[in-house]
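Taken in order, the sequence shown gives residues 4 to 146; the numbers are from this note's numbering.
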Amino acid sequence: MEYCLWLQGMYLENPDFLQNISYTDEATFTTSGIVSSQNIRILLQTKFTDALDELPLDYRYNLHLLDGAHIHNAVIVRNWLSENFPNCWLGRSSLIRWPPRSPDITPLDFFLWGTIKNKVYATKPQTREELSDCIREACQSIT
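The following block contains the structure:
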């Protein structure tokens, strides 16, 4: 309830607030890709900061939301976020806590991953390369 009241208050203060949240998430596909807190930290340091560099300055330091996944809550990830985005990230151990057992309140969980996986597995990729190609094509098809 605390999260909902906080979110509602932020929206009432600034109707553009929800547009300024960058959602983070990951999905597992059926090859040997391993998701770990170390991999998440590396992903944040490389791909996430590269993606932020493409954004206008006024969007770069908005709120970054990580769902309640255990790897997002790892000390190494929290420390990196606190150092690089002080008071600008939301998760299980942040100032405003992500509600427990609520992954379905992010657009990535209730739309994106299901859509992409349906497209990827419709072709039944057999190799890692085929799987990568299918994932890339599925992502590019989202408009």
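Cβ coordinates follow ideal geometry from the N, Cα and C atoms, glycine included.
In this structure, DSSP gives S144 a helical state, which the three-state scheme calls helix. Around the beta-carbon of L8, fewer than 16 other beta-carbon atoms lie within 10 Å, marking it exposed. As computed with DSSP, R100 is found in a beta bridge with G94. With distances taken between CA atoms, A141 lies nearest to W116 out of W116, S96 and Q48. Judged by their CB atoms, I99 and I119 are not nearer to each other than the 8 Å cut-off.
According to the DSSP assignment, Q11 belongs to the alpha helix (DSSP H) that extends over E5 to E16. Rounded to whole angstroms, the separation of the alpha carbons of N121 and D136 is 14 Å.
If you draw a straight line from the Cα of E86 to the Cα of W101, it comes to about 19 Å. For T118, the secondary structure class from DSSP, reduced to helix, strand or coil, is helix.
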